[in-house]
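Asks: Sharing a structure here in structure tokens format.
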Amino acid sequence: MLHNIVKVNLSSLALNNYSVYFERCLTKKISATLGVRIMPNTALNTTLVGVRVADLLQSDNNNDYINSNVNNQTFTLGVRFYTGHKPGARGFYTELYGRYGNFGINYPYNYTTGGKDYYIPVTARYSGLGGGILLGSQFMISRHILMDIYIIGAHYGKMTGSLDARADLSSMSNADKQLLRYDLEGLAPALNNKQIITVQDVDNSGAKGKIDGPFLGVRALGFSIGYAFGGK
């Protein structure tokens with residue numbers, strides 16, 4: 002039985018994410034996992050998924066989201082329970098995991114009021130901590146090479162952060178600034194009648210706000226290739 006596995010998530014490359022996992026067998030059918038994922042500052046419309054979404058939105062006049070730049074770093078720690086009679090990290094599994102992540106979004110926000118257009122670059126920074134469950138299957142391709150397929154999973158937790166939108170709003174009326182506040186808060190949908198974005202102040206130099214909401218994530222139909230070593 003080979004005790005150690007190093008894996009690279011191939012499916013995450015479609016979003017310009019670089020994800021590496023280390024897995025260590027604790028018993029014959031239980032293992033611990035540690036994962037690191039890094040997404041450097043990336044324009045969404047340059048990723049494989051982003052290009053496809055841009056094609057779908059090409060007739061939509063409100064598709065500024067796809068022009069955003071995003072970045073993130075996440076750390077995932079989990080425990081896997083495998084089925085099957087063969088020893089080692091192979092077979093169908095259930096993984097219980099915790100995840101911490103830092104995220105950044107730079108959104109080119111365009112706002113029109115009173116017959117005037119305002120370009121307001123919005124920067125959001127937030128972090129999240131949560132836990133979840135993942136179902137999948139891992140199998141050996143050869144003596145040392147294996148495939149890990151994530152079937153379905155999800156996590157839930159707490160997310161907090163800040164929003165900053167700096168621009169010259171000196172020509173905007175107070176009434177329009179109030180409407181801008183509502184518009185910025187609407188960039189993220191409310192959940193259970195609770196705003197995720199709360200804009201605290203809008204003045205002549207822009208807007209500031211806070212982010213407070215659930216840390217939600219779905220893991221589905223992903224796959225990794227790995228190398229197993231150590232042990233017999």
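If you use this note's numbering, the sequence shown corresponds to residues 2 to 233, in order.
Glycine included, every Cβ here is placed at the ideal spot set by N, Cα and C.
#1: Compare the Cα-Cα distances from Leu181 to each of Gly131, Gly210, Thr161 and Gly162 and report the closest residue.
#2: Looking at the secondary structure, which residues open and close the beta strand (DSSP E) in which Lys178 lies?
#3: Buried or exposed, going by whether 16 or more other CB atoms sit within 10 Å of the CB of Ala125?
#4: Are Ala150 and Phe224 touching if we call contact CB-CB under 7 Å?
#5: Compare the beta carbon distance of Phe216 and Gly154 with 7 Å and say whether it is the shorter of the two.
#6: Verify whether the separation of the beta carbon atoms of Ile152 and Gly137 is less than 7 Å.
#7: Out of curiosity, what's the CA-to-CA distance linking Leu192 and Gln201?
#8: Would DSSP call Ile67 helix, strand or coil?
#9: So what does Met148 bridge to, in DSSP terms?
#10: Look at Tyr196 and Glu186 and say whether their C-beta atoms are less than 7 Å apart.
#11: May I have the straight-line CA-CA distance separating Asn68 from Pro109, to the nearest angstrom?
#12: Whose CA, out of Phe104, Ala90 and Asn107, lies closest to the CA of Gln139?
#13: Quick check on Thr84: does DSSP put it in helix, strand or coil?
#14: Ordered along the chain, which non-local residues of its own chain (more than five positions away) have a Cβ less than 7 Å from that of Met141?
#15: For the beta strand (DSSP E) that contains Gly115, what are its first and last residues?
#16: Using 7 Å as the threshold, is the C-beta distance between Tyr119 and Tyr112 below it?
#17: Can you give the Cα-Cα distance for Ser171 and Val203, rounded to whole angstroms?
#18: Excluding sequence positions up to five away, which residues of its chain have a Cβ less than 7 Å from the Cβ of Gly12?
#19: CB Gly231 to CB Leu3, shorter than 7 Å?
#20: So, with DSSP's three-state summary, where would you put Leu45?
#21: Which first and last residues belong to the beta strand (DSSP E) in which Ser20 is found?
#22: Starting from the Cα of Asn17, find the closest Cα among Gly36, Met40, Glu24 and Ala176 and give me that residue.
#23: Between the C-alpha atoms of Ser174 and Asn42, what's the straight-line distance to the nearest angstrom?
#24: What's the C-alpha gap between Ser32 and Asn72?
Replies: According to the structure data:
#1: By 1-based counting over the sequence shown, the position of residue 181 is 180. Considering only alpha carbons, the answer is Gly210.
#2: In the sequence shown, the residue the question calls residue 178 occupies position 177. Segment Asn175 to Glu186 is the alpha helix (DSSP H) holding Lys178; no beta strand (DSSP E) there.
#3: Stepping through the sequence shown from its first residue, residue 125 is reached at position 124. Ala125 is buried by the Cβ-count criterion.
#4: As a position in the sequence shown, residue 150 is number 149, starting the count at 1. As a position in the sequence shown, residue 224 is number 223, starting the count at 1. Going by the sequence as given, residue 150 is Ile instead of Ala. Yes, these two residues count as a Cβ contact at 7 Å.
#5: Walking along the sequence shown from the start, residue 216 turns up at place 215. Walking along the sequence shown from the start, residue 154 turns up at place 153. Contact flag unset, no.
#6: Working through the sequence shown from its first residue, we reach residue 152 at position 151. Working through the sequence shown from its first residue, we reach residue 137 at position 136. Closer than 7 Å, so yes.
#7: Translated into positions along the sequence shown, residue 192 becomes position 191. Translated into positions along the sequence shown, residue 201 becomes position 200. So the alpha carbons of these two residues sit roughly 19 Å apart.
#8: As a first step, residue 67 must be located in the sequence shown, where it is residue number 66. If DSSP states are grouped into helix, strand and coil, Ile67 belongs with the helices.
#9: The residue given as residue 148 occupies position 147 in the sequence shown. Met148 is bridged to Phe140 and Ile226.
#10: The residue given as residue 196 occupies position 195 in the sequence shown. The residue given as residue 186 occupies position 185 in the sequence shown. The question names Tyr, but residue 196 in the sequence shown is Gln. Yes. Within cutoff.
#11: Residue 68 sits at position 67 when you count from the first residue of the sequence shown. Residue 109 sits at position 108 when you count from the first residue of the sequence shown. Taking the straight line joining both Cα atoms gives about 7 Å.
#12: Position 138 of the sequence shown, counted from the start, is the residue given in the question as residue 139. It is Ala90 whose Cα lies nearest to the Cα of Gln139.
#13: Walking along the sequence shown from the start, residue 84 turns up at place 83. Reduced to three states, the DSSP call for Thr84 is coil.
#14: Along the sequence shown, read from residue 1 onward, the residue named residue 141 stands at position 140. Hits under 7 Å: Arg91 and Leu147.
#15: Position 114 of the sequence shown, counted from the start, is the residue given in the question as residue 115. That residue, Gly115, is in no beta strand (DSSP E); it is neither H nor E in DSSP.
#16: Position 118 of the sequence shown, counted from the first residue, corresponds to residue 119. Position 111 of the sequence shown, counted from the first residue, corresponds to residue 112. Cβ distance < 7 Å, so Tyr119 and Tyr112 count as in contact.
#17: Taking the sequence shown and counting its residues from 1, one reaches residue 171 at position 170. Taking the sequence shown and counting its residues from 1, one reaches residue 203 at position 202. Cα-Cα distance, rounded: 11 Å.
#18: Here residue 12 refers to the residue found at position 11 when the sequence shown is read from its first residue. Looking at the sequence shown, residue 12 is not Gly but Ser. Counting only Cβ-Cβ distances below 7 Å, and skipping sequence neighbours, we find Gly223 and Phe224.
#19: On the sequence shown, residue 231 is found 230 positions in, with the first residue counted as 1. On the sequence shown, residue 3 is found 2 positions in, with the first residue counted as 1. Taking 7 Å as the Cβ cut-off, Gly231 and Leu3 qualify as a contacting pair.
#20: Here residue 45 corresponds to residue number 44 of the sequence shown, with the count starting at 1. Of the three classes helix, strand and coil, the one that applies to Leu45 here is helix, per DSSP.
#21: Residue mapping note: residue 20 aligns to position 19 of the sequence shown, counting from 1. Tyr19 to Cys26 is the span of the beta strand (DSSP E), which, as asked, contains Ser20.
#22: Mapped onto the sequence shown, residue 17 falls at position 16. The residue with the shortest Cα to Cα distance from Asn17 is Met40.
#23: Walking along the sequence shown from the start, residue 174 turns up at place 173. Walking along the sequence shown from the start, residue 42 turns up at place 41. Roughly 35 Å separates the two Cα atoms.
#24: Counting from one through the sequence shown, the residue named residue 32 turns up at place 31. Counting from one through the sequence shown, the residue named residue 72 turns up at place 71. Roughly 30 Å between the two C-alpha positions.
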